[in-house]
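Reviewing the structure listed below.
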Amino acid sequence: MHFQWDWLCLGVLIISSVTAEIENEETLDTDVEVEDFDKQSQEADVDRDESSLEVVYQTPKPTGEVYFTETFDGVLAGWVLSKTKKEDTDDNIAKYDGRWEVEELKENTVPGDRGLVLKSVAKHHAISAMLTKAFIFDNKPLIVQYEVNFQEGIDCGGAYIKLLSSSDDLNLEYFFDKTPYTIMFGPDKCGEDYKLHFIFRHKNPKTGEYDEKHAKRPDVDLKKFYLDKKTHLYTLVLKPDDTFEMLIDQSVVSKGSLLEDMVPPVNPPKEIEDPSDKKPDDWDERPKIPDPNAVKPDDWDEGEPSKIEDPDAVKPEGWLDDEPQYVPDPNAKKPKDWDEEMDGEWEAPQIPNPKCETAPGCGHWVRPMKNNPNYKGKWKAPMIDNPNYQGIWSPRKIPNPDYFEDLHPFEMTTISAIGLELWSMTSDIYFDNFIICSEKEVADRWAADGWGLKKLVASANEPGMFTQLVTAAEDHPWLWVLYILTLALPVGLGVLFCWPAKVKKTDDDIDFKKTDLSKSITKGELKQEREELEDDEIELEEGKENEDAAEDEGEGEGCEDVGDEEENEVADGSQEEGDKSNRSGSEDEMKEADESTGSGEGSLKSVRKRRVRKD
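So in this note's numbering, spot 159 of the sequence shown is number 162, and the numbers just go up one at a time.
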């Protein structure tokens, strides 16, 4: 058992160490991981991650065909501020006068990497730029990607972009909320409603009108992306097979079909309810009706009250009938500014009667009420199935005159510009590294050179594990209990299974060995003494029988007996001397055994007493 407990303790310590190491590695891997980057970019990123102070930033450059890119690292060329006003809004806030700046991040700064920052609070902002070349929805995917950082968190506001529809009269100086767009995509938040918009305007092939189609809400929790003050990468992928994907930090948070997962659906229903159809007057929608043949019983008394006084109730002893429940406050005093002509006669405020606190009650005693056993209420006929039930009426269906079928909603209106038209109650919303392209590899490389570097720098500047745990516990105090239990459990197991058990096992082992040694010595000595005692008893019995036989032979043989007795005495003397020497030797040996162990002391003493007595 000693070795088993040692192995158990060692196993617990090893498992705890390995578990802690694995969790540490997983945390580091999670913090530093950049998905879907090629091998060359990963190696460069790892080298940069060694020290955030040694980062050398280079402006990302597209590696393939693109329709638009913007890093904001140079001169802000091509971007146009809106000069118009928002419609249907008070003149005080209708103007798009929100301020924009190009600057670096406040935290986790990458030297030389700048972005477009929304600076004003409670103002309308609008800025836009033309694409390098228009994107036509034919047989190539559309990939839109950009970075957002809510540097001050976000209370109410958006960080979405609009891809403006191509038209001859598009003027970016008059870009406002009613400017036609093809796609709107990006984060938006107000109150506790966290959204990730994907809206596209679909053209009705029959009427030529545009309707907004909204993607269903993602099933993941988006809250952390708005509150962690980190730079996040937002990506929209539209494919020619009429499917879409929305990604945050290169992880898919929502995907679906343009034909099936948009609200309202792209294609209207083939049939609709006839608006001219009306429910007939005699249509019976009642599944149950009162039984017309039911009759109220004769003994049914509808006049019985639901509650009556309890006749068995007895007034409690000590009830103070003459004491009121409330009395004037004897310590109250009339205010000095009390005017009896204006305010009337002053009366002290009422307080609970102190005499009633120790009594069952005060005032007039009234019997308590109880349920009336004879109460039945108003009689109603029981319900039965309606023999004339016709079901719930609904208008008849007719062919939808506005029906159409668009099998490829991906073929949207051509895009020729990108714009930010926003209102926010929080400032310092950071935008960076816009790209519009058709190849996923191009977008991934662009992300690796921009967002990937920001992510690595942020990971290198992350606080230690202890600081993160304390910060989390400040936000969620219940985590302190979890921390204490996590620390106390291994310590308690170590104390319980290792230290006390180990000492106890050592003592037991020592006692076990001592007991074995004492038992082996005692048994050997006892066996030897028992054999000697049995020999002595046999000799004594033989000598006694010889003496009895000699006395029976008579006195005539006296001389011979004398000679024989002398010889016997000599023999006995020699025997006694031998016995003495044996006894002395045996006693010495027994004494040594007594000194070496005390377990057989009682047995050895009894043996010596019997030995002396028999001698």
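Every residue gets a Cβ at the ideal spot worked out from N, C-alpha and C, and that includes glycine.
Run through DSSP, which three-state label would residue 614 get?
Residue 614 sits at position 611 when you count from the first residue of the sequence shown. The pLDDT assigned to residue 614 is 48, lower than 50, so where the model puts this residue is not dependable, and the model offers no usable value.
Should the stretch 412-426 be called in touch with the stretch 166-181, which here means at least 3 C-beta pairs below 8 Å?
yes
Please classify residue 619: is it buried, with 16 or more other beta-carbons within 10 angstroms of its beta-carbon, or exposed?
Residue 619 is absent from the structure shown; the chain starts at 4 and stops at 618.
Distance, residue 75 Cα to residue 103 Cα:
Here the question's residue 103 lines up with position 100 in the sequence shown. Here the question's residue 75 lines up with position 72 in the sequence shown. Taking the straight line from one Cα to the other gives about 12 Å.
Based on the DSSP output, what are the partners of residue 152 in its beta bridges?
In the sequence shown, residue 152 corresponds to position 149, counting from 1. BP columns for residue 152 point to 433.
Could you tell me the alpha carbon to alpha carbon distance between residue 407 and residue 267, rounded to whole angstroms?
The sequence position of residue 407 within the sequence shown is 404, counting from 1. The sequence position of residue 267 within the sequence shown is 264, counting from 1. About 14 Å.
Which of the three DSSP states, helix, strand or coil, is assigned to residue 225?
Position 222 of the sequence shown holds residue 225. Three-state DSSP puts residue 225 in coil, outside helix and strand.
In terms of DSSP beta bridges, what is residue 128 paired with?
For the purposes of this step, residue 128 is taken as residue 125 along the sequence shown, with counting starting at 1. 425.
For residue 133, the nearest candidate out of 91, 70, 114 and 62 (CA to CA):
On the sequence shown, position 130 is the one that residue 133 refers to. Ranking the options by Cα distance to residue 133, first place goes to 70.
In angstroms with no decimal places, state the Cα-to-Cα distance between residue 301 and residue 358.
Counted from its first residue, the sequence shown places residue 301 at position 298. Counted from its first residue, the sequence shown places residue 358 at position 355. Residue 301 and residue 358: Cα-Cα distance of roughly 53 Å.
So the candidates are 319, 385 and 369; which of them puts its Cα closest to the Cα of residue 362?
On the sequence shown, position 359 is the one that residue 362 refers to. Cα-wise, what sits closest to residue 362 is 319.
Please state the DSSP three-state secondary structure of residue 74.
As a position in the sequence shown, residue 74 is number 71, starting the count at 1. Three-state result, residue 74: coil.
C-alpha gap between residue 345 and residue 367, whole angstroms
The count along the sequence shown starts at 1 and reaches residue 345 at position 342. The count along the sequence shown starts at 1 and reaches residue 367 at position 364. Their Cα atoms are separated by approximately 36 Å.
Cα-Cα separation, residue 260 to residue 246:
Numbered from 1 along the sequence shown, position 257 holds the residue referred to as residue 260. Numbered from 1 along the sequence shown, position 243 holds the residue referred to as residue 246. Residue 260 and residue 246: Cα-Cα distance of roughly 4 Å.
Are residue 305 and residue 396 close, meaning C-beta to C-beta below 8 Å?
Here residue 305 is taken as the residue at index 302 of the sequence shown, counted from 1. Here residue 396 is taken as the residue at index 393 of the sequence shown, counted from 1. No, they are not a contact pair.
Does DSSP put residue 179 in a helix, in a strand, or in coil?
Sequence index remark: in the sequence shown, residue 179 carries index 176 (1-based). Reduced to three states, the DSSP call for residue 179 is coil.
Tell me which residue opens and which closes the beta strand (DSSP E) that residue 204 is part of.
Reading the sequence shown from its first residue, position 201 is the one you call residue 204. Unbroken beta strand (DSSP E) run through residue 204: 196-206.
When the distance is taken between beta carbons, is residue 85 closer than 8 Å to residue 178?
Working through the sequence shown from its first residue, we reach residue 178 at position 175. Working through the sequence shown from its first residue, we reach residue 85 at position 82. In contact: residue 178 and residue 85 (Cβ atoms closer than 8 Å).
If you follow the alpha helix (DSSP H) that residue 292 is in, where does it begin and where does it stop?
What you label residue 292 is simply residue 289 of the sequence shown in a count that begins at 1. Premise fails: residue 292 lies in the beta strand (DSSP E), 291-293, not in any alpha helix (DSSP H).
With C-beta atoms as the reference, is residue 236 less than 8 Å away from residue 144?
On the sequence shown, position 233 is the one that residue 236 refers to. On the sequence shown, position 141 is the one that residue 144 refers to. Cβ distance not < 8 Å, so residue 236 and residue 144 don't count as in contact.
Rounded straight-line distance, which links the Cα of residue 465 to that of residue 87:
Stepping through the sequence shown from its first residue, residue 87 is reached at position 84. Stepping through the sequence shown from its first residue, residue 465 is reached at position 462. About 43 Å.
Roughly how far, in whole angstroms, is the beta-carbon of residue 110 from the beta-carbon of residue 116, given that I think they are within contact range, below 8 Å?
Position 107 of the sequence shown, counted from the start, is the residue given in the question as residue 110. Position 113 of the sequence shown, counted from the start, is the residue given in the question as residue 116. In fact, because the Cβ distance is near 13 Å, the residues do not count as touching under 8 Å.
Segment limits, alpha helix (DSSP H) that includes residue 401:
Along the sequence shown, read from residue 1 onward, the residue named residue 401 stands at position 398. Per DSSP, residue 401 belongs to no alpha helix (DSSP H); it is in the beta strand (DSSP E), 400-402.
My output table needs one value for residue 523: the three-state DSSP class, helix, strand or coil.
The count along the sequence shown starts at 1 and reaches residue 523 at position 520. For residue 523, the predicted structure reports a pLDDT of 47, less than 50, and the residue's modelled location is therefore unreliable. A value from the coordinates is still provided. Residue 523 falls in the helix class under three-state DSSP.
Quick check: residue 256 and residue 293, are their CB atoms within less than 8 Å of each other?
Within the sequence shown, residue 256 is the residue found at index 253, counting from 1. Within the sequence shown, residue 293 is the residue found at index 290, counting from 1. No, they are not a contact pair.
Pick helix, strand or coil for residue 140, following the three-state DSSP scheme.
Stepping through the sequence shown from its first residue, residue 140 is reached at position 137. Of the three classes helix, strand and coil, the one that applies to residue 140 here is coil, per DSSP.
Counting pairs of Cβ atoms below 8 Å between the stretch 419-434 and the stretch 147-167, do you hit three or more?
yes
What first and last residue would you give for the beta strand (DSSP E) that runs through residue 259?
Within the sequence shown, residue 259 is the residue found at index 256, counting from 1. Counting along the chain, the beta strand (DSSP E) containing residue 259 begins and ends at 254-260.
Residues that residue 310 bridges to, as DSSP identifies them:
The residue given as residue 310 occupies position 307 in the sequence shown. Note: residue 310 sits in a beta bridge opposite 374.
Is there contact between the stretch 270-282 and the stretch 390-404, where contact requires at least three CB pairs shorter than 8 Å?
yes
Given a cut-off of 8 Å on the beta-carbon distance, is the pair residue 389 and residue 287 in contact?
The residue you call residue 389 lines up with position 386 of the sequence shown. The residue you call residue 287 lines up with position 284 of the sequence shown. A contact, by the Cβ cut-off of 8 Å.
Rounded Cβ spacing between residue 197 and residue 219 (contact assumed at less than 8 Å):
Against the sequence shown, residue 197 aligns to sequence position 194. Against the sequence shown, residue 219 aligns to sequence position 216. Not quite, the Cβ-Cβ distance comes to about 15 Å (not below 8 Å), so this is no contact.
Which of the three DSSP states, helix, strand or coil, is assigned to residue 420?
In the sequence shown, residue 420 corresponds to position 417, counting from 1. Strand, per DSSP.
Hey, residue 434 and residue 151: beta-carbon distance below 8 Å or not?
By 1-based counting over the sequence shown, the position of residue 434 is 431. By 1-based counting over the sequence shown, the position of residue 151 is 148. Cβ distance < 8 Å, so residue 434 and residue 151 count as in contact.
Compute the distance between the beta-carbons of residue 457 and residue 113, then report whether it is under 8 Å.
Sequence index remark: in the sequence shown, residue 457 carries index 454 (1-based). Sequence index remark: in the sequence shown, residue 113 carries index 110 (1-based). In this structure, residue 113 lies closer than 8 Å to residue 457 by Cβ.
Cutoff 8 Å: residue 473 Cβ touching any chain D Cβ:
This model lacks chain D altogether, as it is built from one protein chain only.
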